[in-house]
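Residue numbering for the sequence shown follows the UniProt record's numbering, beginning at 1 and increasing consecutively. Ideal Cβ placement from N, Cα and C applies to all residues, glycine included. Note that the structure is predicted; figures quoted are calculated from it, not measured. To keep things clear, I will list the structure first and then write my remarks on it.
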Amino acid sequence: MSFHKDLKIFEDLYKEHFAYLSLVSFNITKDKDMAKDVVQDFFIYLWEKEEAVNFTISFKAYAARAVKNLSLQYLEKHKTVSLEDNKKNILPKMEEQVIFEKAEENKKSKIFTLVDKIPQARREIFISHIVEGHSYAEIAEMYNISVNTVKTQMKRAYAFLREFENSSTLSAILYFLFKN
1 MSFHKDLKIF EDLYKEHFAY LSLVSFNITK DKDMAKDVVQ DFFIYLWEKE EAVNFTISFK
61 AYAARAVKNL SLQYLEKHKT VSLEDNKKNI LPKMEEQVIF EKAEENKKSK IFTLVDKIPQ
121 ARREIFISHI VEGHSYAEIA EMYNISVNTV KTQMKRAYAF LREFENSSTL SAILYFLFKN
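Okay, structure coming up:
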């Protein structure tokens, strides 16, 4: 079969087979737009290379095989680009996560160092409340002291820590550091 760049014959082939060939491509690509692009590329190729194309089988069989191969090539090319794009997107996000985690570890380390500097009795009360989650009344009972003494010791512990960190940063760090 040959159409010698006869536009009418070419248009008829296009109209007759476009939907079928799009389905062939769609079964491989699973993307309607990509499938249409592949079929259009096939017809462009066919128009440009018409002299070199000899159909020893029916046009429909030839076109289906060609579109199937083009679809597979298109997927392979798209897959490679997609993997490269994913690497470009994933690596910076991973680097950001590592930087964030290092910053958090640095902040935690700083808080632990500061907490270690709190006088021992005050530190035990502070840790009992913040880390272990005991209420002021429970702490008062555990240490055989008044609830007001627990409040005073907590207030002094926070004041000590605030000297070294601004209060919003300190609150955020304590929340993330000791949340369950």
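Just so you know, the alpha carbons of I127 and E163 end up roughly 18 angstroms apart. A check of alpha carbon separations from L21 across L7, A61, Y45, K8 identifies A61 as the nearest.
Taking all protein chains in view, the Cβ of T29 is crowded by 16 or more other Cβ atoms within 10 Å, so the residue is classified as buried. DSSP, read as helix, strand or coil, puts K49 in coil.
When secondary structure is reduced to three states using DSSP, I44 falls in the helix class. Taking 8 angstroms as the cut-off, the Cβ atoms of S25 and S71 count as close.
Annotated three-state conformation of K30 is coil, per DSSP. Here A19 is not near F42, since their CB atoms are 8 angstroms or more apart.
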